[in-house]
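**Q** Mind having a look at this structure? Questions to follow.
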Amino acid sequence: MAEKLETLVARLEAAVSKLELKSTGSADAAGEDEESPSVIAFGDFLDADVTTFFDAASKIGGAVKQQATQVFDAFRAQREFLVAVSKCKKPSVADFQVALKPTSDPMVAAQDMKDNRSEHKNHLALVSEGIGALGWVTMAPTPGPYVKEMLDAALFYGNKILVETKRAPEHVAYFNSFRDMLNNLASYIKDHHRTGIQWNASGIELKEFLASGGSKQAATSAAPAPVAGIPAPPPPPSVSMLQNVAPATGGANPGALFAELNKGGAITKGLKKVTDDMKAKNRADRSGVVSELPKKTPVSTASGKRAPAKPPRFEKEGNKWYIENQVDNETIEVDSDSMKNAAYIFGCSGKARRTVVQLKNKLNAVTVDSCSKTSVVIDEVIGSIEIVNCKSVEVQVSVAVPIITIDKCSACTLYLMSEKVRGPFVGNICLFPIYCLVRRRQWRRR
């Protein structure tokens with residue numbers, strides 16, 4: 001009986017939250033501007049995905065439900081922030097931080113609830129790792145991959161939940177609802193904010209919007225400036241100014257012109273006869289050899305020199321390995337000591353020979369970005385492999401990976417050494433992709 005009562009209370013709380021959200025987003029008076037399509041879409045996402053996650057957490061109860069309440073408050077505050085984005089001009093950094101505070105406060109509170117001593121420590125860690133996806137509003141020009149990165153980091157604890165709870169229905173629903181919530185958030189960003197949030201250039205100041213509490217939607221366009229009248233013509237010149245104007249020199253004299261025309265045939269008496277040596281074809285200075293033209297001095301460009309190459313980077317920060325700007329390097333090896341580790345490979349290339357990166361043991365996620373003539377050998381990934389903006393790259397997976405994403409690549413070759421590599425494979429704007437399932441032989445550099 002107590003469990004049924006607690007479930008009923010949780011549903012009532014979710015219903016009240018929905019009503020509060022709708023009342024906040026409704027117009028307070030006639031004549032106010034309608035909400036932008038992006039705000040309406042985020043409201044639908046909030047009603048569907050975030051509420052589903054809250055309901056699933058409420059069935060577990062305790063600290064899991066309390067953390068889900070903070071998550072719901074953070075998403076609701078982010079909706080109000082997106083309303084401000086659609087109504088306001090681009091603000092200063094200080095005003096931008098003030099506007100983010102209602103979102104960041106519950107987000108930080110949810111992260112701080114991570115507790116290794118809790119009965120549901122993996123549930124709390126799942127949300128603590130993934131709720132940082134709300135920071136997508138600060139990312140540009142592509143905030144979508146940031147949400148995916150946060151989800152990949154959280155999936156480690158999601159898999160633990162499924163194992164430790166033996167796939168109990170309420171815990172499976174909790175994990176699936178959180179995963180779907182972040183996946184659908186990434187889809188929303190792709191549809192409405194692909195290159196980041198776009199402020200309203202003709203809107204009001206953000207400080208003014210915040211001062212009004214954001215409850216009343218301000219007008220998005222300023223009043224047009226009054227049309228200036230036609231300026232008065234300049235005053236006419238005085239008589240003395242006209243008298244002092246001197247006649248133009250070199251002008252035609254009509255009287256002299258008609259006198260010359262009346263001479264008839266006598267007009268040619270003043271002309272001199274042209275002799276043969278004065279004709280152009282017989283000029284002494286005319287030569288058949290063209291003199292060498294002076295060489296033009298090349299104009300130096302403003303930049304002068306090429307941009308210096310960025311220094312190579314191979315280091316670990318936190319749980320992520322950064323392998324950047326490596327050229328003709330065949331000796332890069334990463335020996336992962338934890339499944340939480342991730343690898344980010346950026347800007348690597350090969351000129352005299354291919355750059356080779358070997359990632360040993362299990363990793364959480366691997367991203368290969370803006371590389372060319374590079375080969376990556378991976379043992380196992382429990383999250384996903386993402387290959388983006390690459391040309392002529394080779395990626396080998398020896399053991400297993402749940403998903404591989406290829407985007408904006410050309411001549412990308414995959415060597416799948418095991419049948420455990422199930423996919424799915426997601427490709428978008430890819431030229432000449434090659435997928436190979438190879439057995440009983442090792443990858444070798446070509």
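Residue numbers (the UniProt record's numbering): 1 to 446.
Note that beta-carbon positions come from the ideal geometry of N, C-alpha and C, so glycine has one too.
A quick note: this is a predicted structure, and the numbers were derived from the prediction, not measured.
Which residue comes first and which comes last in the beta strand (DSSP E) that contains VAL64?
**A** Translated into positions along the sequence shown, residue 64 becomes position 64. If you look at VAL64, you'll find it isn't in any beta strand (DSSP E); it sits in the alpha helix (DSSP H) that goes 62–87.
**Q** Considering only C-alpha positions, which residue in the set SER38, GLY144, PHE156, GLN326 is nearest to ASN187?
**A** Within the sequence shown, residue 187 is the residue found at index 187, counting from 1. It is Ser, not Asn, that sits at residue 187 in the sequence shown. Closest option to SER187, Cα to Cα, is GLY144.
**Q** May I have a chain-ordered list of the beta strand (DSSP E) segments no shorter than 3 residues that lie completely inside the segment 340–408?
**A** As far as the segment 340–408 is concerned, its whole beta strand (DSSP E) runs of at least 3 residues are 342–346, 355–369, 372–388, 391–400, 403–407.
**Q** Just to confirm before moving on: does the CB-CB distance between TYR174 and ALA56 stay below 7 Å?
**A** Start at 1 with the first residue of the sequence shown, and residue 174 comes out as number 174. Start at 1 with the first residue of the sequence shown, and residue 56 comes out as number 56. Contact flag set, yes.
**Q** Have a look at GLY62 and THR165 and give me their C-alpha separation to the nearest angstrom.
**A** Along the sequence shown, one-based indexing puts residue 62 at 62. Along the sequence shown, one-based indexing puts residue 165 at 165. In a straight line, the C-alpha of GLY62 is about 16 Å away from that of THR165.
**Q** Do you know offhand how far GLN111's Cα is from MET339's?
**A** Walking along the sequence shown from the start, residue 111 turns up at place 111. Walking along the sequence shown from the start, residue 339 turns up at place 339. Each residue's Cα considered, the two are about 21 Å apart.
**Q** Beta-carbon within less than 6 Å of SER177's beta-carbon, same chain only, minus the 5 sequence neighbours each way: which residues are those?
**A** Counted from its first residue, the sequence shown places residue 177 at position 177. These residues qualify, in order along the chain: THR52, PHE53, ALA56.
**Q** DSSP three-state label for ILE197, please.
**A** Numbered from its first residue, the sequence shown carries residue 197 at position 197. DSSP places ILE197 in coil when its eight states are reduced to three.
**Q** Using a Cβ-Cβ cut-off of 6 Å (strictly less than) and excluding sequence neighbours within five positions of ILE197, which residues of its own chain qualify?
**A** Within the sequence shown, the letter at position 197 stands for residue 197. Correct list, in chain order: VAL85, VAL137.
**Q** For GLU87 versus PHE209, is the C-beta distance shorter than 7 Å?
**A** Residue mapping note: residue 87 aligns to position 87 of the sequence shown, counting from 1. Residue mapping note: residue 209 aligns to position 209 of the sequence shown, counting from 1. In the sequence as displayed, the identity of residue 87 is Lys instead of Glu. Going by C-beta atoms, LYS87 is nearer than 7 Å to PHE209.
**Q** Run through DSSP, which three-state label would THR275 get?
**A** Residue numbering aside, residue 275 sits at position 275 when the sequence shown is read from its first letter. Of the three classes helix, strand and coil, the one that applies to THR275 here is coil, per DSSP.
**Q** Leaving out five residues on either side along the sequence, give the residues of the same chain with a beta carbon under 6 Å from the beta carbon of ILE385.
**A** Locating residue 385 in the sequence shown gives position 385, where the first residue counts as 1. Excluding positions up to five away in sequence, the list reads VAL366, VAL401, ILE404.
**Q** Give the DSSP bridge partners of PHE314, in chain order.
**A** On the sequence shown, residue 314 is found 314 positions in, with the first residue counted as 1. According to DSSP, residue pairing for PHE314 in a beta bridge involves ILE323.
**Q** Quickly, what does DSSP pair ASP105 with across the bridge? List them, please.
**A** By 1-based counting over the sequence shown, the position of residue 105 is 105. Partner(s): none; ASP105 has no beta bridge.
**Q** Helix, strand or coil for SER38, going by three-state DSSP, please let me know.
**A** Residue numbering aside, residue 38 sits at position 38 when the sequence shown is read from its first letter. Three-state DSSP puts SER38 in a helix.
**Q** Pick helix, strand or coil for LEU182, following the three-state DSSP scheme.
**A** Reading the sequence shown from its first residue, position 182 is the one you call residue 182. In this structure, LEU182 counts as helix in the three-state DSSP scheme.
**Q** When you compare each of ILE387, ALA125, VAL399 to CYS371 by their alpha carbons, which one comes out closest?
**A** Mapped onto the sequence shown, residue 371 falls at position 371. Selected option, being the one with the closest Cα: ILE387.
**Q** Run through DSSP, which three-state label would ASP335 get?
**A** Locating residue 335 in the sequence shown gives position 335, where the first residue counts as 1. In the displayed model, ASP335 falls within a strand according to three-state DSSP.
**Q** In whole angstroms, what separates the C-alpha of ARG313 from that of GLY347?
**A** As a working mapping, residue 313 is identified with position 313 in the sequence shown. As a working mapping, residue 347 is identified with position 347 in the sequence shown. For ARG313 and GLY347, the distance between alpha carbons rounds to 10 Å.
**Q** Mark ASP379 as exposed unless 16 or more other C-beta atoms lie within 10 angstroms of its C-beta, in which case mark it buried.
**A** Within the sequence shown, the letter at position 379 stands for residue 379. Only buried fits ASP379, as 16 or more other CB atoms lie within 10 angstroms of its CB.
**Q** Looking at the secondary structure, which residues open and close the alpha helix (DSSP H) in which LYS90 lies?
**A** Along the sequence shown, read from residue 1 onward, the residue named residue 90 stands at position 90. Here LYS90 belongs to no alpha helix (DSSP H), and DSSP marks it neither H nor E.
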